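When the letters of the sequence shown are read in order and numbered with this note's numbering, they come out as residues 1 to 171. The beta-carbon is built from N, C-alpha and C at its ideal position, and this holds for glycine as well. Note that the coordinates shown come from a computational prediction; the quantities given were computed from them, not determined experimentally.
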Amino acid sequence: MNEKKYLSAEVFLKKSDETMQELQKIGTTLNALTVKTDPTVEKPLTDSKSSITPQGKNTAVQGMQSDISLDRIKVYIHYPREKDGKAAEVLSDFLKSKGYLFANTEMVHHRSREIRYFHDEDKEAAQLLQRHLNDFIAGSYGKRKFTINIKNWGRYYPSASKGSLEVWVFF
């Protein structure tokens, strides 16, 4: 009888894994359909009625991408433990596939989870990066709870380059 329960549980887990893989593929497809803008033009290349932005409580953050030119954003990913290095590299590749100009990783000992920006005009880009990071975590680790704060560090580093964001993370 126990063998039947284990077999049923195994089948259920296999089907759950297949469903998660399908959902990840759908998420990747939806992300590929995100509206891009031309950085030399003030308005999006498509009108707002044809945008494929999902509706929901995060609509303000989701709609942000059409206003932000990711090809000018440099992301520095800092991770504290050697075992987080592979995940940081995968995150870097994920961000580059989203259109970020640069996403570099470096092992730095720390105990915080935050996204740092240094200029007021980079706040929206930091919020969009937070969304992309949450998408990455949801796709890579399932429904794992992941909280990351956004902080302006401009008063400490006023000479930091515009368009530079730092991700201080551990997985």
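May I ask you to list the residues that DSSP assigns as paired with residue i?
i, result
"E106", "H78"
"V167", "I77, I115"
Sorted by chain position, which residues of the same chain lie with C-beta nearer than 7 Å to residue i's C-beta, five sequence neighbours on each side aside?
i, result
"E89", "T105"
"R81", "F170"
"Y157", "F118"
Under the rule that 16 or more other beta-carbon atoms within 10 Å means buried, what is residue i, buried or exposed?
i, result
"E121", "exposed"
"T155", "As written in the sequence, residue 155 is Arg, which differs from the Thr given in the question. Exposed."
"H109", "exposed"
"S159", "exposed"
Closest to residue i by CA distance: which of the options is it?
i, options, result
"W168", "Y100, F136, R111", "R111"
"G99", "A87, V75, A138, I115", "V75"
"G163", "Y79, K96, F102, L95", "F102"
"I73", "Q127, T147, K145", "Q127"
"S161", "S97, F118, S69, L133", "F118"
"I148", "R116, S140, G85", "R116"
Got a sec? Which residues, its chain only, sit under 6 Å from residue i by beta carbon, not counting five neighbours each side?
i, result
"G142", "none"
Below 8 Å CB to CB, which residues in the same chain sit around residue i once its five sequence neighbours on both sides are set aside?
i, result
"V61", "A caution first: V61 carries a pLDDT of 43, below 50, which makes its placement in the model unreliable, though a value can still be read off. If we look at V61 and ignore the five residues flanking it on each side, its Cβ neighbours are Q127, L128, Q130, R131."
"V41", "The predicted model places V41 with a pLDDT of 38, which falls under 50 and marks its position as unreliable, so this point remains unresolved."
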